[in-house]
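**Q** I have a structure I would like to understand better, so I am pasting it below and will then ask my questions one at a time.
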Amino acid sequence: MSAGAQTPNGVATQTPQQREEVTTIYERSRPGRRAFSPPALDVPERPLDELLPERLRRAAPPELPEIAEPEIVRHYNGLSKRNFDLDSGFYPLGSCTMKHNPKLHERVAALPGNARLHPLQAPARAQGALELMWNLERALAEVSGLPHVSLQPSAGSHGELAGVLLTRAYHADRGDERTLVLTPDTAHGTNPATVTMAGYEVVKVGTSPDGGVDLEDLRRKADDRVACLMLTNPNTLGLFDPNIEEIARITHDAGATLYYDGANLNAVMGISRPGDMGFDIVHFNLHKSFTQPHGGGGPGAGPIAVSDRIEPYLMVPRIVRTDDGEGGAPRFDLEEERPKSIGRLRGFQGNYGVFVRSYAYICSLGAEGLREASEIAVLNANYLLALLRRPEIAPYLPLAYGERCMHEFVLSGAPMKRDLGIRTTDLAKRLLDHGYHPPTVYFPLLVEEALLVEPTETETRETLEEFAEAIGAILREAAEDPEIARNAPYSTPVRRLDEAAAARTPVVRQPVRG
56 MSAGAQTPNG VATQTPQQRE EVTTIYERSR PGRRAFSPPA LDVPERPLDE
106 LLPERLRRAA PPELPEIAEP EIVRHYNGLS KRNFDLDSGF YPLGSCTMKH
156 NPKLHERVAA LPGNARLHPL QAPARAQGAL ELMWNLERAL AEVSGLPHVS
206 LQPSAGSHGE LAGVLLTRAY HADRGDERTL VLTPDTAHGT NPATVTMAGY
256 EVVKVGTSPD GGVDLEDLRR KADDRVACLM LTNPNTLGLF DPNIEEIARI
306 THDAGATLYY DGANLNAVMG ISRPGDMGFD IVHFNLHKSF TQPHGGGGPG
356 AGPIAVSDRI EPYLMVPRIV RTDDGEGGAP RFDLEEERPK SIGRLRGFQG
406 NYGVFVRSYA YICSLGAEGL REASEIAVLN ANYLLALLRR PEIAPYLPLA
456 YGERCMHEFV LSGAPMKRDL GIRTTDLAKR LLDHGYHPPT VYFPLLVEEA
506 LLVEPTETET RETLEEFAEA IGAILREAAE DPEIARNAPY STPVRRLDEA
556 AAARTPVVRQ PVRG
């Protein structure tokens, strides 16, 4: 936070803007102040009892702040400046693919026909939207190498749940009782949570010394109790598993399905396809690889693509296309009659605005552009990795697995902690003072003091070079005085929090003043 004004005796005082930053909207409330006063109603007044039963009405008015429009605008404008976002700077969160969201796609999604479409609109009056969704399904089928797609899931974790529920339906339809789902020890935290929600038990599969699936461990555990193996490929270590075809064979020989977590699809779009590797079910994160803005609680989209043997169990309604046979425009509809379907996973067809942005991205790049995006993502990751393997950095932050990477890589801060006395979290906090959002820390769990970095294809060479220089500067600084990093950050609106204490402290609501 910048310094305030100086008084004649040299004591700093807070500016009005700084006082606003530490004052809540409730503390600024004053009785009678309004941001908006509605005009007199021009409709007949009706008794309140006709509109809302007394048992559903409040006993007292809601305790909302009373505040003027300029103050509320300044309040939220000030809050917005505390956020770090992709429009502010480099966001190298590993395993999250925080890439640039083209503004053109935002304009397309905001067109009235897209933004104002009611989710309950009859299919006959939403032909354009259904056609866009149909075409997006076909594009995702081509990217994944699997023929059938549902856009319904609302996020990657929701797509995971859909995939495991489809697996359950597939086995149940065959009269096959299975209880276990295998996940690697590098899996995303949502994988075991999804497995538990779907009623299965999680069994971890080990990682081999080269960073792939431990085949011998997989062979020992892949028996007739296993319903599914969930994988990412490339995995969370940023490595493409060269044994993927053997992994698929072991899984299918055990009668299980093979599920692809699409969180890392940004590394292989247009280069390799999960369906060709042997996967039965794939989920996509449209809000990662396909440029829907990512973060802030949503919205997202986690469509799934499946093989022929899983298709009968896909969620309803399904988008269907019919041709009149006379060269006229095709018609699109929503079909509910699928007797083996697992049913609905949400009230409507999905987050349509996400579909618009993602389809615009696919159309603007085309097949060659999608491949190029993945190639540059891999190139950027390996270039940044090379910068971080300089002699002044590499001894403190060595690569955890492999020699090269795909779209992301994992460094271990164990030597940095031992030799310089600072932890990965200290490095991450100090990066904030250099203007960078830190990478993912302490994940995956099998790497000590892990730092997981994904630069994506949308960052320039200069940005990567400056980021690597910031890492080097922090390490040089720590060699002289590790306390600087241990107490960082210094430039953020809030200093380092005691996260353990914060988790135990109850939230106390501020009363309305007046």
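Taking our numbering, the leading residue of the sequence shown gets 56, the next gets one more, and so forth. Note that CB positions come from ideal geometry on N, CA and C, so glycine has one too. Note that the coordinates shown come from a computational prediction; the quantities given were computed from them, not determined experimentally.
Below 8 angstroms on the Cβ atoms is my contact criterion, and I expect F572 with V433 to pass it. Report the Cβ-Cβ distance as a whole number of Å.
**A** The first residue shown for the chain is 56 and the last is 569, placing residue 572 beyond what the model contains.
**Q** Measure the C-alpha to C-alpha separation of G55 and N340 and round it to an integer number of angstroms.
**A** As displayed, the chain neither begins before 56 nor continues past 569, which places residue 55 out of reach and without an answer.
**Q** Rounded to whole angstroms, what's the CA-CA distance from G382 to D388? Just pull it up for me.
**A** Rounded to whole angstroms, G382 to D388 spans 18 angstroms at the Cα level.
**Q** Taking only three categories from DSSP, how would you classify F387?
**A** Strand at F387.
**Q** Taking C-beta to C-beta, are M370 and G398 nearer than 8 angstroms?
**A** Yes; because the gap between Cβ atoms is below 8 angstroms, this pair is in contact.
**Q** When the Cα atoms are used, what is the spatial distance from R180 to P372?
**A** If I take the Cα positions, the gap works out to 17 angstroms.
**Q** How about the region 247-255 and the region 198-205: do they share at least three Cβ pairs that are nearer than 8 angstroms?
**A** Too few Cβ pairs lie closer than 8 angstroms, so no.
**Q** Does DSSP put F295 in a helix, in a strand, or in coil?
**A** F295 falls in the coil class under three-state DSSP.
**Q** What are the start and end residues of each continuous beta strand (DSSP E) run of 3 or more residues lying completely inside the region 160-232, in chain order?
**A** Complete beta strand (DSSP E) runs here, min 3: 203-205.
**Q** Report yes if the CB atom of G267 is closer than 8 angstroms to the CB atom of L294, and no otherwise.
**A** For G267 and L294, yes; Cβs fall inside 8 angstroms.
**Q** For V567, collect the residues of the same chain with a Cβ closer than 7 angstroms to its Cβ; drop the 5 residues on either side in sequence, then sort them by chain order.
**A** With a pLDDT of 46 at V567, under the threshold of 50, the modelled position of that residue is not reliable, and the figure given next carries that caveat. Within the same chain, V567 has close Cβ partners Y81, S84, E118 and P120.
**Q** Taking only three categories from DSSP, how would you classify I359?
**A** Three-state DSSP puts I359 in a strand.
**Q** For E256, write down the residues that DSSP places opposite it in a beta bridge.
**A** Answer by DSSP bridge pairing, in chain order: L235.
**Q** Could you tell me the distance, in whole angstroms, from the CA atom of V502 to the CA atom of A455?
**A** Approximately 7 angstroms between the Cα atoms of the pair.
**Q** So which of D481, S413, A469 and E427 has the shortest CA-CA distance to E192?
**A** Comparing Cα-Cα distances from E192 to each of D481, S413, A469 and E427, the minimum goes to S413.
**Q** Fully enclosed by the region 376-441, which alpha helix (DSSP H) runs are 4 residues long or longer?
**A** None, since the region 376-441 contains no complete alpha helix (DSSP H) of that length.
**Q** Assuming L519 contacts Y438 (C-beta within less than 8 angstroms), just tell me the rounded distance between them.
**A** Correct: roughly 6 angstroms between the Cβ atoms.
**Q** Quickly, what does DSSP pair I374 with across the bridge? List them, please.
**A** The partner list for I374 (beta bridge, DSSP) reads L389.
**Q** Tell me, to the nearest whole angstrom, how far the beta carbon of A177 is from that of Y407; I am working on the premise that it is less than 8 angstroms.
**A** About 15 angstroms separates the two Cβ atoms, so there is no contact after all.
**Q** Around the C-beta of L425, are 16 or more other C-beta atoms found within 10 angstroms, so that it is buried, or is it exposed?
**A** L425 comes out buried.
**Q** Look at the Cβ atom of L221, then the Cβ atom of I365, and state whether they are nearer than 8 angstroms.
**A** For L221 and I365, yes; Cβs fall inside 8 angstroms.
**Q** In whole angstroms, what separates the C-alpha of R171 from that of G254?
**A** Roughly 39 angstroms between the two C-alpha positions.
**Q** Could you compute how far the alpha carbon of P590 sits from the alpha carbon of Q347?
**A** The displayed coordinates of the chain run from 56 to 569. Any statement about residue 590 would go beyond what the structure contains.
**Q** Here's the rule: buried if 16 or more other CB atoms are within 10 angstroms of the residue's CB, otherwise exposed. What is I326?
**A** With fewer than 16 other Cβ atoms within 10 Å, it is exposed.
**Q** Using three-state DSSP, classify D553 as helix, strand or coil.
**A** Of the three classes helix, strand and coil, the one that applies to D553 here is coil, per DSSP.
**Q** Let's see if you can read the secondary structure: which residues bound the alpha helix (DSSP H) around D474?
**A** Run containing D474: A469 to L475, per the alpha helix (DSSP H) assignment.
**Q** In this structure, does DSSP put V128 in helix, strand or coil?
**A** Correct three-state label for V128: helix.
**Q** Specify whether the region 274-287 and the region 442-454 touch according to this definition: at least 3 beta carbon pairs, one from each stretch, less than 8 angstroms apart.
**A** At 8 angstroms Cβ cutoff, the stretches do not touch.
**Q** Where does F464 sit, in a helix, a strand or coil, going by DSSP?
**A** Strand.
**Q** Tell me where the alpha helix (DSSP H) around A534 begins and ends.
**A** Its alpha helix (DSSP H) spans residues R516 to E535.
**Q** Can you name the start and end residues of the alpha helix (DSSP H) that T479 belongs to?
**A** Counting along the chain, the alpha helix (DSSP H) containing T479 begins and ends at T479 to D488.
**Q** Who are the Cβ neighbours of S396 in its own chain at under 7 angstroms, not counting the five residues just before and after it?
**A** These residues qualify, in order along the chain: Y368, L369, M370 and V371.
**Q** Any heavy atom of the ligand NAD within a distance shorter than 7 angstroms of the CB on E447?
**A** Absence of the ligand NAD from the depicted structure is noted, as is the absence of any ligand whatsoever, leaving it without description.
**Q** Going by DSSP, what residue range makes up the beta strand (DSSP E) through P540?
**A** Residue 540 is actually Ala in this sequence, not Pro. That residue, A540, is in no beta strand (DSSP E); its alpha helix (DSSP H) goes E538 to R541.
**Q** So, at 7 angstroms on beta carbons, what are the nonlocal neighbours of A90 in its own chain, with the 5 sequence-adjacent residues on each side left out?
**A** Hits under 7 angstroms: I122, A123, E124 and I127.
**Q** I need the boundaries of the alpha helix (DSSP H) containing G330, first residue and last residue.
**A** P329 to M332 is the extent of the alpha helix (DSSP H) around G330.
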